[in-house]
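Protein chains in written order, with the UniProt record's numbering: chain P, 1 to 318; chain V, 1 to 318.
In C-alpha cells, the structure reads:
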C-alpha cells in the first residue's frame, strides 16, 4: 500500500467535520483552512510521542491512537478551549495494515469522543513517532493561563491522581486484577477534561493539565504566577483501586507520577463560591496559593518545584 | 543542559512577535493563542523531516534549521497566504550544544526572512525528527486551492526547476565548482515563494508548491481539478548552472526532481493579462490546461501523473 492509499483508507474518514466546526477545508490541499467566528481566539498546541520514550515498544495501536489524541487534547482542556480540529504527523517504519487499522480505530474513537476533526497531516517513513497539533477556540481573552494565580486562591484538581502512574507496574500483566485493570484503563485511555475546562474557564484564575505529575505541573503555575502554594496531603483525591494496590505509596504517586491528564486549577474564593455545583462536584480543593514562593505539603517544603520536579527528556539521559 | 534550559536558550529568542503578527501568546503555556483580524481565514500545514529520509545523516544543522522552516512555509506560499507563526516539535537523540546552536541559528534566519514567529513547540528525546506546523492568513475565501484549474488556463512556474535535484550529486563535495555551489545553495537554502504567492492569489485559479517534482505536483492539481494539461519542454525554465552541469538531462530533472520549492500556478488567460507585470516577470508559462485528462509533454503522454509520479514514502520500500 502506498502513502496516498494509506491516507485515503485510514485517515480521510476522520476528516468529516463535526457539527459547527470552524474547519472549512480539511486534508488534501497544501494547507487546511479554518474560519473562526468573530470574537473567538484560536488556541493550539503541538505534542510528540516517541516509541520507547512516551509509550512502550510494541504498544497496542488502538490504545496509541486514543492516547496520542487524548494527550494533545488535554492541553486544550487546560486552556478552557472548545475542541475544533487537529493535524497528525505520523512517522512509521512500514505500512503495516493491521497496525494502521488499530491505530486509526483508536484515533477515530478519540476524535469522535472529543469533537476533533482531522484537518491535515503528513505521513513519513522512519522510527515510530507521532506529532499531533490540536486547535480549539475560546471567547476572546478568556483562555485559562498559567500566570493568573493570586495569593488566597484555592488550588483544586479534577478526578483522582496517581492511577496512571500506578499502572506502569501492570503494563505486561495478561490477566490483571480488577484494581489493576482500573488503573491500566487510566493509562491506556486517558480522558482529557475538555468539558470541565470549558465550564471552569469563567471562574478559574489559572490552570494546567497534569501530565508530568502534580508537583511539577503546579510548579509551572507557581513559577508563571510568581507565587507559592500550600497543599494538604490528606485532601489528595485517591481512587480506591490506587489505595488498595499501592497502600502507603498512594499519596506519593498522586503527587509525583504523570500521565493522569487531570486538571489543576486555581480559583479566587469568591469565584469558587459562585461556580455551579455541577462544576465544583468534579473538583477537589487540595490547598491554597500563598504570596511567598515555595511549594509546601503539610507544612514541609516538598523539594524543588517547577521545571525540575517533573520529567525532563534530556536531564534523564545525561 | 535540561529540556527547559535548552528551550529557553535556543528557541525562546525566536518567539518575538513580528510587527502586526496575529500571535497574542507564544510559548510557555499549555497552548499558544492567535487572534485573527475580521475577514481573515487561518491556513495551516504540518510537515515532518526525518534524518536519512528527508535530509542526509549528519546534515549541517544550520542548513537543517533553514530548510525545515522553508519547506513548511512553502505550503503557505502555495495557498497565497501571509505567514504568521509556526510550531516546532523537535525530537533529537541528545542535547548537543554545537548542533543546537547551529540549528537554532538557521531556523532563526529563516523565521526572520519569512516573517514567522515561533508560537510553541515540544522537545523530546529520540531519533532526529522535525515536525513543523506553519500558520498563515488569507482574506476570507481567497486561498489558492488545487481544485480551481479550468480548461484554457495557463500553467506557469516560478524561478528555475531541477536545480535542487541536480545538487544531490554534489552533497559530499568539499570544493564544489561555482555551478555546483549554485545548485547546492538551492538544495540547502530553499526560498519559499511567499511574496509571490500573496501577489498571485487574486489572479491564480489553482496552485501548488513543487516539492516532489513538477509532473507529480502538477498531477495533484489535475486530479483535484479533474482536468488535463499540455506542456512544452522547450519552455521549462532552466538555470544556466543546471544546463552546464547536466546537459541533456536538465529537462528531465526539471520535470521529475523535487526539492525546488518553486510554485506551479494556473491562470485564466484574461486574469493573466490583467496581472501586474512585476508578478508575470517572476513566472514562466509552460503550458495550458485541457478538458481531457492526461499530462502531455510536447504532445506525448508523459506517464502516470498524479500521486504515482512523485516520491512515495511507503511504495519505495515495498
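Beta carbons: idealized from backbone N, C-alpha and C, even for Gly.
For residue 296/V, the uninterrupted beta strand (DSSP E) run begins and ends at 295-297, by DSSP. Residue range 40-50 is occupied by the beta strand (DSSP E) that includes residue 40/P. The criterion of a C-beta distance shorter than 8 Å is satisfied by residue 260/P and residue 186/P. Within the segment 51-77 of chain V, the residues whose Cβ lies closer than 9 Å to some Cβ of chain P are 51, 52, 53, 54, 74, 75, 76, 77, listed in chain order. For residue 82/V, the pairing in a beta bridge is given by DSSP as 137/V.
Residue contact with chain P for residue 129/V: present (Cβ-Cβ distance below 8 Å to some residue of chain P).
Burial check for residue 301/V: the Cβ neighbour count within 10 Å stays below 16, so the residue is exposed.
Counting the other CB atoms within 10 Å of its CB gives residue 61/V a total of 16 or more, which places it among the buried residues. Residue pairing for residue 157/V: DSSP places it in a beta bridge opposite 264/V, 284/V. Taking the Cα positions, residue 82/V is about 13 Å away from residue 113/V. The Cβ neighbour count for residue 192/P, taken over all protein chains shown within 10 Å, is at least 16; the residue is labelled buried.
Beta-bridge partners assigned by DSSP to residue 55/P: 51/P. Proximity of residue 33/P to chain V, defined by a Cβ-Cβ separation below 8 Å, is satisfied.
Judged by their CB atoms, residue 170/P and residue 180/P are nearer to each other than the 8 Å cut-off. Around the beta carbon of residue 265/V, 16 or more other beta carbons sit within 10 angstroms, so the residue counts as buried.
For residue 195/V, the enclosing alpha helix (DSSP H) covers residues 194-200. Here residue 291/V carries a coil assignment [DSSP, helix/strand/coil]. When DSSP states are grouped into helix, strand and coil, residue 190/P belongs to the coil group. Contacts with chain P at 8 Å (Cβ-Cβ) do not include residue 227/V. Contact check for residue 29/P against residue 85/V fails: the beta carbons are separated by 8 Å or more. Residue 299/P and residue 136/P have their C-alpha atoms roughly 39 Å apart.
Under the three-state reduction of DSSP output, residue 148/V falls in the helix class.
A Cβ-Cβ contact shorter than 8 Å links residue 250/P with residue 162/P. Below 8 Å, enough C-beta pairs join the segment 40-51 of chain P and the segment 88-106 of chain V to call them touching: three or more. Residue nearest to residue 283/P within the set 267/P, 69/P, 243/P, 74/P is 267/P (criterion: CA-CA distance).
CA-to-CA, the gap between residue 275/P and residue 288/P works out to about 17 Å. Listed in chain order, the non-local C-beta contacts of residue 14/P below 8 Å within the same chain comprise 104, 107, 108, 111, 117, 118, local neighbours out to five positions each way being set aside. When DSSP states are grouped into helix, strand and coil, residue 29/V belongs to the strand group.
Its Cα nearest to that of residue 241/V, the residue 184/V stands out among 184/V, 50/V, 154/V, 234/V.
A check of alpha carbon separations from residue 218/P across 127/P, 73/P, 168/P, 294/P identifies 294/P as the nearest.
Following the DSSP letters along the chain, one finds residue 246/P inside the alpha helix (DSSP H) bounded by residues 240-246.
In terms of beta-carbon proximity, residue 38/V lines the interface with chain P, with at least one pair separated by less than 8 Å.
Under the three-state reduction of DSSP, residue 7/P is assigned to helix.
For residue 214/P, DSSP assigns no beta-bridge partner whatsoever. About 37 Å separates the beta carbon of residue 95/V from that of residue 263/V, a gap too long to meet the 8 Å contact definition. According to the DSSP assignment, residue 231/V belongs to no alpha helix (DSSP H) but to the beta strand (DSSP E) extending over 228-231.
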